[in-house]
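Novice: Structure provided below as structure tokens; questions to follow.
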Amino acid sequence: MNINKIMHRGKLYAVYFNVLEANEGLSFISEDEDFIQVGIWNYQPKKVLPAHYHNEYVREATRTCESIFVVEGKVKCNIYTKSGKFIDTFVLNKNEMAMQLYGVHEYEILNKSIVVETKNGPYFGPEIDRKRINVKKN
């Protein structure tokens, strides 16, 4: 599976990939220490994942990370530093996904799109959780 990474000054800002290229079995894209966890299942019929639940315990996250999955359409993702300096851009098509791990992200909808967005929580609302900035367009 081809996993594209956007790095800047030693920090991982974003990761993007085509989910249909997933290896057989369970593949985790994220690292254990990432604030958002993304894995892809690629199993044959009749595979059973044993019943389970996840233990409750306190976790600490100092920022919100998000992932988007393009169900249909085309979305351009622009990546910037927190000061608004342009780093990189990429386009997601149908069945492609991105994890936004650090810095600033901006989305441009290029075609009519259906996108699933997930974030780590709890979410404290846009006034507390998010800051809009002016970016320097490339």
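Numbers 903 to 1040, taken from my numbering, label the letters of the sequence shown in order.
Glycine included, C-beta positions come from ideal geometry on N, C-alpha and C.
Predicted model only: the values in this text are computed from it and were never measured.
#1: Taking just the CA atoms, how far does residue 972 sit from residue 997?
#2: Taking 8 Å as the cut-off, is the C-beta of residue 974 nearer than that to any heavy atom in the ligand MN?
#3: Between the stretch 1004-1012 and the stretch 946-954, do three or more beta carbon pairs fall short of 8 Å?
#4: Distance, Cα to Cα, residue 1010 vs residue 978?
#5: In terms of DSSP beta bridges, what is residue 1020 paired with?
Specialist: Answer, in terms of the structure:
#1: 6 Å
#2: Among the components of this structure there are no ligands whatsoever, and the ligand MN is therefore not found.
#3: no
#4: 5 Å
#5: 969
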